[in-house]
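Step one of this worksheet: look at the structure below.
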Amino acid sequence: MNTQSDPIDDEMVGSIDPAAVRASLEALRAELLDSAPDIDAEVFRTRSDVSDGSGETEHLVVAEQKDMTARVDALTERAVAEIDDALARLDAGTYGRCTDCGRAIPAERLEAVPAAATCMDCAATRSRGRGLV
Ligand SMILES: [Zn+2]
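Start counting the sequence shown at 86; every next residue gets the next number (this note's numbering).
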């Protein structure tokens, strides 16, 4: 918790306000975690007609909706993990620095993608290598 007194002095990204970045990352994170229960609630509403109110059906419904939202959950989990990583880098004082090449990530990119771990060049290289968009 004493990282604040140990700033990076080379290639420091001057325009980054750690408190503002943290706030936007945490807002994004909350948004992501919020969206998953919304989907669950939607599924639950549709399925609740068949519930007999015993409570046992609810477990069955939960199992079914888990399957239905698995894809969304995986995407959400990945996005949340990326945000957690970004928050960890913020704590470590390495936020705003490309995790691949170590260069400063342009402020515009961080504004557009606050959880970005790499610069545009490395992101392009990564997506080519992994076949991701
Ligand atoms: Zn890079």
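Glycine included, each C-beta is placed from N, C-alpha and C at the ideal position.
Model, not experiment: these values are computed from the prediction.
Tell me the DSSP secondary structure of residue i in three-state form.
{"i": "Ala201", "result": "coil"}
{"i": "Arg163", "result": "helix"}
{"i": "Arg182", "result": "strand"}
{"i": "Thr210", "result": "helix"}
I'd like to confirm something about residue i: is its beta-carbon nearer than 7 Å to some heavy atom of ligand 2, or not?
{"i": "Ala164", "result": "The ligand content of the structure shown is limited to ligand 1, which means ligand 2 is not among them."}
Is residue i near residue j, with beta carbons less than 8 Å apart?
{"i": "Ala171", "j": "Pro199", "result": "yes"}
{"i": "Cys183", "j": "Thr203", "result": "yes"}
{"i": "Ala107", "j": "Ile168", "result": "Reading the sequence as shown, one finds Arg at residue 107 and not Ala. Not a contact, by the Cβ cut-off of 8 Å."}
{"i": "Gly178", "j": "Ala189", "result": "no"}
* **Sequence-ordered residues whose beta carbon comes within less than 6 Å of a heavy atom of ligand 1** => Cys183, Asp185, Cys186, Arg188, Thr203, Cys204, Asp206 and Cys207
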